[in-house]
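Numbering-wise (UniProt numbering), the sequence shown opens with residue 1 and increments by one.
Beta carbons: idealized from backbone N, C-alpha and C, even for Gly.
Notes to accompany the following structure.
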Amino acid sequence: MAVIDASSAQLESAVVAAGAKPRGRWRAWMRTWIPAGTVIFILAICFLGPTVLPIPGATGGDVLESGQGPFSPGHLLGTDSNGNDVLSRLLSGGQASLLIGISVNVIGIVIGGTIGAVSAYVGGLFDTIVMRLLDVLIAFPSLVLTLAVAQSLGPSKRNTIFALAFFSVPAVARIARSSTLRLREMPFMQAAQLCGSPTWRILLRHVAPNVAPQLISFAALGMGIVIVTEGALSFLGLGIPAPAPSWGNMIFDGQQSMSATPLEVVWPSIALLVTVLAFNQLGENLRARWSGR
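Here's what the structure looks like:
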């Protein structure tokens, strides 16, 4: 009887474990696809919305129509203090913020990833010099230096991208270097070296594909940081200059008339919050999945 009870208990445990594994896998997929779907929706609505939706332009509004509330005729989210359509400016501002975030991360991955991978692969004095230079850049407060660079270059989209990308390169380079150092001792890397493969071929065919997952997950996390920093620069007048919209300068413009029309601040703040949370969650989940946790 005891043997039967023990077998029943083992069978029940096996059934529970078998049921828990699919549920755990399903939850892991949901944790990844919910933020991924949110990011895809934000990208689609920001880049396709202005061309598909029947909304007016983001600038050139009628001052006589200023301060209208949500669901006004022809203005789903109302108008701002200058008579511009809030929804149109929200989508156009999202385009600017997302383009800056994507551009900064692409530049960081290409330049920083190359520097870190080459430095780790070559090693020796070259690696030491490169890492010490990157340490100097990382040691300075990045936001303060970004403000200084943006101030010296002047407000524009291109200068904002340059200022933010300049300080994303060291962090990406260190991640690429640490991953390349682990790969350098792998048997397939040693085999490629023994076969006489040139350095550029080894870096492209063996290092880059194995380092890319870490850099992509870091870039997803970095998107939130870049978008927030760009919003801060635009809020201070050092990012995208008016009248071109961005979420940062929309918040700045709205806070001047917040007592009368508080929704001018609420809408871009919500868009900024949701976008940053989605990218952060996506990056964290990608990092966990690729690290096997």
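Asked: C-beta atoms of L282 and I227 nearer than 8 Å; Found: no
Asked: Rounded C-alpha distance that separates A192 from Q214; Found: 22 Å
Asked: Under the three-state DSSP convention, the category T199 falls into; Found: helix
Asked: Separation of L147 from K21, as counted between CA atoms; Found: Reliability of the predicted coordinates at K21 is poor, the pLDDT of 49 falling under 50, and no value is obtained from them.
Asked: Boundaries of the alpha helix (DSSP H) in which M223 is found, first to last residue; Found: 208-235
Asked: Proximity winner among I40, L181, P262, G60, relative to L98 (alpha-carbon distances); Found: I40
Asked: Reference L133; option with closest CA among E264, I102, F167; Found: F167
Asked: Status (buried if at least 16 other CB within 10 Å, exposed otherwise) for L53; Found: exposed
Asked: Chain-order list of residues whose beta-carbon lies under 6 Å from that of S234 (same chain, five-residue window excluded); Found: I240, S246, G248, N249
Asked: For F71 and A165, the rounded distance between their alpha carbons; Found: 39 Å
Asked: Exposed unless 16 or more other CB atoms sit within 10 angstroms - verdict on T275; Found: buried
Asked: Cross-strand partners of T180 (DSSP beta bridge); Found: According to DSSP, T180 bridges with nothing at all.
Asked: Nearest candidate by alpha-carbon position, reference G78, set R289, R184, A58; Found: A58
Asked: Residue range of the unbroken alpha helix (DSSP H) whose run includes P187; Found: 187-194
Asked: Proximal residues to A176 (C-beta, below 7 Å), its chain only, five neighbours per side dropped; Found: G112, G113, G116, A117, V211, L215
Asked: Buried or exposed by the 16-neighbour rule on C-beta atoms within 10 Å, applied to G124; Found: exposed
Asked: Contact check, K157 vs I100, beta carbons under 8 Å; Found: yes
Asked: Coarse secondary structure for S97, derived from DSSP in three states; Found: helix
Asked: Close-in-space but distant-in-sequence residues of the same chain around A36 (CB under 6 Å, 5 per side omitted); Found: L282
Asked: For S269, the three-state DSSP class (helix, strand or coil); Found: helix
Asked: Cβ-based burial, A278 [other Cβ within 10 Å; buried from 16]; Found: buried
Asked: Nearest-angstrom beta carbon gap, Q151 and residue 343 [assumed within contact, 8 Å]; Found: Any question about residue 343 goes unanswered here, given that the chain covers just 1 to 293.
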